[in-house]
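Read through the structure below, which is laid out as structure tokens, and then see the notes.
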Amino acid sequence: GELATMMDVGINDIISKCMMLGIMVTMNQRLDADTLSIVAEEFGFTVDFVAADIEEAIQEEEDAPEDLSPRAPIVTVMGHVDHGKTSLLDYIRKENVIAGESGGITQHIGAYGVQLENGQRITFLDTPGHEAFTAMRARGAQVTDIAIIVIAADDDVMPQTKEAISHAQAAGVPIVFAINKIDRPTANPDKIKEKLAAMNLLVEDWGGKIQSHDISAKTGLGVGELLEKVLLEAELLELKANPDKNAVGTVVEAFLDKGRGYVSTILVQNGTLKIGDYLLAGKHSGKIKAMYDERGKKVKTANPSTPVSILGLDGAPQAGDKFNVFEDEKDAKQIAAKRTQLLREQSVRTQRRTTLGDIGRRIKIGDFKELNIILKGDVDGSVEALTDSFQKLSTEEIEVKIIHKAVGAITESDVLLASASDAIIIGFNVRPAGNARMVADKEEIDIRTYSIIYDAINDVKDAMEGLLSPEM
Ligand code: GDP
């Protein structure tokens, strides 16, 4: 079907041509590369495997263990609105303790690194919130090593706190809690920890494994100790990279500056980036003319876990785009062009996402092991009842996982989480709100809404047995 559209010939022409070649096909069948080439040739076309070419060209070789050195952890700050994410990031930025540097970091480039008194470094993504975090993940970029989740001690474990926790867990990123605003007379950190314990999140003080520290982002009380705990968590992860090769990493943000042209902040994740490197980031390429650190100081190189803003790209890549370095400009340009072409074609083509109607077939062919569900409902009782029932549907072949559950309408952030974690969304007596439906259509996320618990359970059960008709 796709091939017919691309070559602008009838589907039946292709099917009969295939029959002449001794291949029986249907319109929805995927053809292998050789068959595609032969069939296309019959119609006077040659096939150029763009995606495969690109992947080959940018494939990263695995590093030998002896080439690896420790790298700084990359940290994202998340939490409910007004609980103090920005204040914490600002405090760390301004009070940062690099010996001999006064004034800290004044500008915002989307990410910054700090050095603690003991010489260890931490890199912060300066785009707080789980929306930014999951939007990046939905684009395929896994940047964050550790999530700090800020909870105001004079408030409660709020809906967005729970979302942030689910988003970090779905990404497999360890959490360190910052119980904030303890300078306030009404602060009650114990209440927060008790609430967390009730959610099965046991912090250290409660005999659990999750690190947590009481802080005031306003006065700075406890922030140093919080960062030490982040470093302890990082030690367990044994983060390493190879500084002796061409850099790869991810775009954090990019914009057009009137005087300087396109400015992109990128985070080096492996290798070392140098001035003069030819860079390909998303659809854009160029030779790095200048690089600046978070203090606006010119730098010549950037090693793993270092954020820099660079000049020289011929456009603004998107946050979450990967970047690679090429030996010569021609290669970078060529791949940028191919990528643009590929993206154009992909927007026509359909992406394969998990849908309820499709999982039965995929379970049968053994291509499906986990059914991720995001569950939203109108009251706690129904959410809990459905969680229980869904989990009981797990079999030896397939595990039903509720990666996020909450009371409330289906939001855009739910859709992004579904996209990043290949999940379906089930709403009980709730509907998509705001942009959620639109984004779900774009991302091809299956949203199902029910008003009878029995129907919801039956549909998932039928789907797992391959009995559900594959309609949307
Ligand atoms: P965000 O929405 O999570 O980024 O929260 P902000 O950092 O913007 O903080 C929300 C409000 O809480 C602001 O008015 C801050 O000044 C205040 N705030 C943040 N942290 C603290 C703190 O530790 N103590 C006190 N007293 N106020 C704080």
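Here UniProt numbering = 1-based position in the sequence shown + 366.
Virtual Cβ for every residue (Gly too), placed ideally from N, Cα, C.
Span of the alpha helix (DSSP H) around residue i
i	result
VAL589	589-603
HIS533	525-536
SER630	Per DSSP, SER630 belongs to no alpha helix (DSSP H); it is in the beta strand (DSSP E), 627-636.
ILE471	Looking at the DSSP string, ILE471 is not in any alpha helix (DSSP H), and its letter there is neither H nor E.
ALA382	Reading off the sequence shown, one finds Ser at residue 382, where the question assumed Ala. Run containing SER382: 377-386, per the alpha helix (DSSP H) assignment.
LYS730	722-730
Exposed unless 16 or more other CB atoms sit within 10 angstroms - verdict on residue i
i	result
LEU369	buried
PHE756	buried
TYR820	exposed
GLY466	Because GLY466 sits at a pLDDT of 48, beneath the cut-off of 50, its placement in the model cannot be relied upon, and the point is left open.
VAL447	exposed
GLN577	buried
GLN396	Note that residue 396 is Arg in the sequence shown, not Gln. Looking at its Cβ environment, which holds fewer than 16 other Cβ atoms inside 10 Å, ARG396 is exposed.
GLY450	buried
PHE794	buried
THR493	buried
ALA430	exposed
MET830	buried
VAL405	buried
DSSP state of residue i mapped onto helix, strand, coil
i	result
LYS663	coil
ASN824	helix
ILE811	coil
ASP448	coil
GLN757	helix
ILE641	coil
ALA806	helix
GLY410	coil
GLU831	coil
ASN554	coil
GLN577	strand
GLU428	coil
ASP405	The displayed chain sequence assigns Val, not Asp, to residue 405. Residue state, collapsed to three classes: helix.
SER748	helix
PHE499	helix
LEU369	helix
MET393	coil
ALA702	helix
GLN481	strand
MET657	strand
ILE458	helix
ARG487	strand
LEU679	coil
LYS611	coil
ALA507	coil
ILE818	coil
SER622	Inspection of the sequence shows that residue 622 is occupied by Leu rather than by Ser. Note: LEU622 maps to strand in three-state DSSP.
ALA668	strand
Endpoints, the beta strand (DSSP E) within which residue i is located
i	result
LEU646	644-647
VAL781	Here VAL781 belongs to no beta strand (DSSP E); instead the alpha helix (DSSP H) covers 778-787.
ASN738	736-743
VAL516	512-518
ILE541	541-546
ASN690	688-692
Whole-angstrom C-beta distance between residue j and residue i, which should lie under 8 Å
i	j	result
ALA553	LEU454	Contact flag wrong, Cβ pair sits at about 15 Å.
ILE776	ARG797	7 Å
GLN635	PRO670	6 Å
ALA477	LEU633	6 Å
ASP580	ILE531	With 8 Å as the limit, ASP580 and ILE531 do not qualify as a contact, their Cβ atoms being about 18 Å apart.
VAL413	SER403	5 Å
GLY367	ILE377	6 Å
GLN684	VAL617	7 Å
GLU736	GLU765	5 Å
THR720	ILE790	6 Å
Any chain C beta carbon closer than 8 Å to residue i
i	result
GLY681	Here chain C cannot be found, since the structure has a single protein chain.
**OP:** Flag this pair as touching only if the stretch 612-625 and the stretch 682-693 have three or more C-beta atom pairs under 8 Å; answer yes or no.
**Re:** Segments in contact, yes.
**OP:** Please determine if the stretch 531-545 and the stretch 480-499 are in contact, where contact requires at least 3 C-beta pairs separated by less than 8 Å.
**Re:** yes
**OP:** Check whether the stretch 619-629 touches the stretch 591-602, counting contact only when three or more Cβ pairs, one atom from each stretch, lie closer than 8 Å.
**Re:** Verdict: no, contact absent.
Subject >> Stretch-stretch touch, CB-based, cutoff 8 Å, three pairs: the stretch 513-525 with the stretch 553-563 >> reply: yes
Original post:
Between the stretch 780-795 and the stretch 803-813, do at least 3 Cβ pairs fall closer than 8 Å?
Top reply: The stretch 780-795 vs the stretch 803-813: in contact.
**OP:** Please confirm if the stretch 484-492 is in contact with the stretch 668-682, defined as three or more CB-CB distances below 8 Å between the two stretches.
**Re:** yes
Original post:
Is the stretch 721-732 close to the stretch 679-686, with three or more CB pairs under 8 Å?
Top reply: no
Original post:
Touch check for the stretch 429-446 and the stretch 501-511: three-plus C-beta pairs under 8 Å?
Top reply: yes
Subject >> the stretch 591-600 / the stretch 655-668 touching (three or more Cβ pairs under 8 Å) >> reply: no
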